[in-house]
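Enquirer: Structure in structure tokens, see below.
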Amino acid sequence: MGLHDGAPVVIEARGIEKSFRIPLHRVDTLKERALHPLARSEYRELHALRGISFDVRQGEFFGIVGRNGSGKSTLLKIMSSIYRADAGTIRMAGRLAPFIELGVGFNPELTSRENVVLNGVMMGLGRREAQRRLDAVLDFAELRDFADLKLKNYSSGMMVRLAFAVMVEADADIMLVDEVLAVGDAAFAQKCMDVFRDKRRAGRTVVLVTHDMATVQGFCDRALLIHDGEIRYSGDPEEAALQYFRLNFQGDDGRSRDPGARGVPDVNVHVVDAWLENEVGDRVGSVEQGDPIGLRVVLEARQDLEAPIFGVHLLTETGATVFGFNRTLTVEPGARELVPAGRRVRIAGAIENRLVPGRYYIHCFIARNRTQGDLALHFVRLLDFDVYGTRPGPGSVSVRTDVEVAIELDPAQAPAR
Amino acid sequence: MSGAGLELREVRGPSALGGGWRRSLELLYLIATTEFRRSYLGTALGYLWSIARPLALFAVLLTVFTQAFDLGDRVVNYPMLLLFNIVLFGFFQEATTQAVSSIVSQESVVRKTQFPRLVIPLAVVLTSAFNLAVNLVVVLVFLLVAGISPTWTWLLFPLLLALLFVFTTAVAMILSALFPRFRDTAIIWSVAATALFYATPVLYPLELVSGRLQDVLALNPLTPLFELARKWVIDPDAPGPVAAAGGSAALLVPAAIFALVCVLAVWIFNREAPRIAEQL
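Spelled out as structure tokens, the structure:
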């Protein structure tokens, strides 16, 4: 936080209102309109957005989260000039590339070549410029071999790849992205995240609507939680994610809606401190490849924790879990496994380090039994650190192997099988 | 990085020409040429199909109206007039019929981008206009073969084409803007377009119609266009719209209707354009 405080505001929304009229008795033919000229009054107003105001600064990675129907996609559509707001103003600086409902507006009857050029012109490029961009898009989407295939013959995965490539290569100042990470395989999700990171580094602004809280917590600088068309929370992505979970699993009265649900989020701990130590006890921000990772965490219980479980997960920069382990509270034999409210617990020890050089995150899940079968979960992001070394490798870990490569015996001399 | 572009500008939402004239024209041209090329290169007999329809209709109607009714003897160059009229009206009918559902069938574009809404029906009209241009070349060949000699008034014909284009565009705008809200627009229009085919002097010249019916035809804005086209291109001795309508004052009514349709088109389209995405 505070990283972008000095940066200029590139999106400024003030008092955005939007309502849709849902006809109770749908009149969508002229005949019905003619027979019931007064039927117009039979509408139910659905207030999708009620006075939304926020700012996004240049270079920010801004998350918009909320449950289905909360209005977040409507907000994105107003920002992208697809819907018109009933009231309020949005002002933006720079060129905009929207990615809505997994697409950028393709015509399925046209080939991807035609669609990409058309989209380029729509984004404000000249025709020749759009033609030039075509190659870059097809390469990024890895669809060069399918350039002249009509889009209706594309698989949904290919379609999303092409759409995403078009958006990325538009090289806009602001990217508005709706749920891109929900589809596609892991490799595609990885590619998306790489792109977002590169764009952010280049000073571009990314607004991401998502349900994936790991992304929000891992990447967003700030997040906006929308509920029933209103802003519930704005600011720290960690807190936004937590409140989102609460909205999802609890009614407004605070009780669990679905008693059988596992993993009801609940605030039950506070991270006092979390750091890594080297072998002589100094705090470090990076670890040499192969050296053990000395983890030290101090948590404070905000309420009584009965039989808590502490799950430590180590993740790559892209949010993929490399490994994790669970620990229960160590107590004297026969004693109750209880952390009373206000008491602190310490998670400490060494973790074997087989990680290849790169950046990693450590997350912690704290769970406790609330009632029968009802697990209260609390997720916290503890720290991130670098592993440095000279043996980079594919993947995230290097493991001991006993594999060798040798020249195969000449089949003529080898005994026949 | 766009240091210069950092001035906040208001987002005004979708509109008929969102993004400005230049971009809209560029898109219009791109879509229409793409569509046109596709319909001609897509199938082996591409172009033949597009002229086959008016020619087949021409053959049928020519047989009926020269054999069953003796129009062939009563109207100068009747076969050529018929072919000419069918091609002209074919443009109007094809463009407007396809325009009705054009915005809805481009749903993914409308729902996901701030694509200038007006470009969609306009592209349909423009594609049909390309077709018309090609068909007119064929008609020209027929005319010359049939022994109709070119006159200087042929040079005025593009003016009529421009008026026909404007009227077609206006109707296309109204239909495409209404269809997302009133889905029976398509059915109503298919009937109305057929009625209009008979209420326009396509099959017969205006002077052969008498009494009440002529008064009705005189209201149709397409009537003077077709009558004038006949006089300028096919038969210089034809009465022309003024004489057929009985004085230039009578032309004021179709002219007023023409203007009204155009004004209505702009008004309806501008009113509906910002909301179209919500109604899909």
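Chains Z and D, in that order, are what the protein sequence lines are.
Numbering-wise, the first sequence is residues -6 to 410 according to the working numbering.
Numbering-wise, the second sequence is residues 7 to 286 according to the working numbering.
C-beta atoms are modelled at their ideal positions from N, C-alpha and C, and glycine is treated no differently.
Considering only residues of the segment 116 to 155 of chain Z, which uninterrupted alpha helix (DSSP H) runs meet the minimum length of 4 residues and lie entirely inside it, listed in chain order?
Expert: 120 to 134
Enquirer: Tell me the rounded alpha-carbon separation between Z/ALA267 and Z/ILE45.
Expert: 36 angstroms
Enquirer: Three Cβ pairs or more, each shorter than 8 angstroms: is that satisfied between the segment 127 to 135 of chain Z and the segment 70 to 90 of chain Z?
Expert: Look at the beta carbons and you see the segment 127 to 135 of chain Z not touching the segment 70 to 90 of chain Z: under three pairs across the two are nearer than 8 angstroms.
Enquirer: Could you confirm whether any beta carbon from chain Z is found closer than 8 angstroms to the beta carbon of D/THR103?
Expert: no
Enquirer: Give me the residue from Z/GLU94, Z/ALA233 and Z/VAL153 with the minimum Cα distance to Z/ARG109.
Expert: Looking at the sequence shown, residue 109 of chain Z is not Arg but Val. When each option's Cα is compared against that of Z/VAL109, the closest is Z/VAL153.
Enquirer: Who are the near neighbours of Z/ALA134 in its chain, counting only those whose CB is closer than 6 angstroms to its CB and skipping five residues on each side?
Expert: ARG154, LEU155 and ALA158
Enquirer: Can you list, in chain order, the residues of its chain with a C-beta nearer than 6 angstroms to that of D/ALA235? Leave out the 5 residues immediately preceding and following it.
Expert: LEU166
Enquirer: Could you tell me whether the segment 63 to 75 of chain D touches the segment 34 to 48 of chain D, where touching means 3 or more Cβ pairs closer than 8 angstroms?
Expert: no
Enquirer: Of all the CB atoms in chain Z, is at least one closer than 8 angstroms to the CB of D/PRO127?
Expert: no
Enquirer: Between Z/ARG215 and Z/PHE55, how many whole angstroms is the CB-CB distance? I'm expecting something under 8 angstroms.
Expert: 6 angstroms
Enquirer: So, is D/TYR84 buried or exposed, given that buried needs 16 or more other C-beta atoms within 10 angstroms?
Expert: buried
Enquirer: For Z/THR82, which residues in chain D fall below 9 angstroms Cβ to Cβ?
Expert: GLU16 and VAL17
Enquirer: Give the DSSP-derived three-state secondary structure of D/ALA22 in the structure shown.
Expert: Residue state, collapsed to three classes: coil.
Enquirer: Output the boundary residues of the alpha helix (DSSP H) element that contains D/LEU258.
Expert: Start and end: 258 to 278.
Enquirer: Inspect the beta-carbon positions of D/ALA279 and D/ARG29 and report whether they are closer than 8 angstroms.
Expert: no
Enquirer: Cβ atoms of Z/VAL202 and Z/GLU172: under 8 angstroms apart, would you say?
Expert: yes
Enquirer: Using DSSP with H/G/I as helix, E/B as strand and the rest coil, what is D/ALA235?
Expert: helix
Enquirer: Would DSSP call Z/ARG363 helix, strand or coil?
Expert: With a pLDDT of only 48 at Z/ARG363, under the threshold of 50, the placement of this residue in the model should not be trusted, and no figure is reported.
Enquirer: Using beta-carbon positions only, say whether Z/ARG361 and Z/GLU299 come within less than 8 angstroms of one another.
Expert: Taking 8 angstroms as the Cβ cut-off, Z/ARG361 and Z/GLU299 qualify as a contacting pair.
Enquirer: I need the straight-line Cα distance from Z/PHE13 to Z/VAL392, nearest angstrom please.
Expert: 57 angstroms
Enquirer: Which of helix, strand or coil does DSSP assign to Z/ALA78?
Expert: Coil at Z/ALA78, not helix or strand.
Enquirer: Using the C-alpha atoms, what's the distance from Z/VAL265 back to D/VAL110?
Expert: 57 angstroms
Enquirer: Taking all protein chains shown into account, do 16 or more other C-beta atoms lie within 10 angstroms of the C-beta of D/PHE95, making it buried, or fewer, making it exposed?
Expert: Buried, since its Cβ has 16 or more Cβ neighbours within 10 Å.
Enquirer: How about D/PRO1 and D/PHE232: do their beta carbons lie closer than 8 angstroms?
Expert: Residue 1 of chain D is absent from the model: chain D starts at 7 and stops at 286.
Enquirer: In terms of DSSP beta bridges, what is D/VAL82 paired with?
Expert: Looking at the DSSP assignment, D/VAL82 forms no beta bridge with any residue, so it has no partner.
Enquirer: Please compile the residues from chain Z whose C-beta is within a distance smaller than 8 angstroms of the C-beta of D/LEU36.
Expert: VAL110, LEU111, VAL114 and ARG120
Enquirer: Taking just the CA atoms, how far does Z/LEU348 sit from Z/VAL262?
Expert: Taking the straight line joining both Cα atoms gives about 29 angstroms.
Enquirer: Would you list, in sequence order, the uninterrupted beta strand (DSSP E) runs of no fewer than 3 residues that lie entirely inside the segment 54 to 99 of chain D?
Expert: Unbroken beta strand (DSSP E) runs of no fewer than 3 residues, entirely contained in the segment 54 to 99 of chain D, are not found.
Enquirer: Take the Cβ of Z/ILE400 as the centre, count every other Cβ of all protein chains shown within 10 Å, and call the residue buried at 16 or more, exposed below.
Expert: exposed
Enquirer: At a CB-CB cut-off below 8 angstroms, which residues of chain Z make contact with D/ARG29?
Expert: VAL114, MET115 and GLY117
Enquirer: Taking any Cβ of chain D, which residues in the segment 381 to 409 of chain Z have a Cβ under 9 angstroms from it, in chain order?
Expert: none
Enquirer: Taking DSSP as the reference, what is the three-state secondary structure of Z/ASP297?
Expert: In the three-state reduction of the DSSP assignment, Z/ASP297 falls in the coil class.
Enquirer: Tell me, please, whether the CB atom of D/LEU190 is closer than 8 angstroms to any CB atom in chain Z?
Expert: In the sequence under discussion, the amino acid at residue 190 of chain D is Asp, which differs from the Leu named in the question. Output row for D/ASP190: interface = yes.
Enquirer: Under 8 angstroms, do Z/ALA411 and Z/LEU288 count as touching if we go by C-beta distance?
Expert: Residue 411 of chain Z is absent from the model: chain Z starts at -6 and stops at 410.
Enquirer: Hey, how far is the Cα of D/PRO312 from the Cα of D/LEU142?
Expert: The shown model of chain D, from 7 to 286, leaves out residue 312 of chain D, and the question about it has no answer.
Enquirer: Checking contacts by CB at 8 angstroms: is Z/ASP214 closer than that to chain D?
Expert: no
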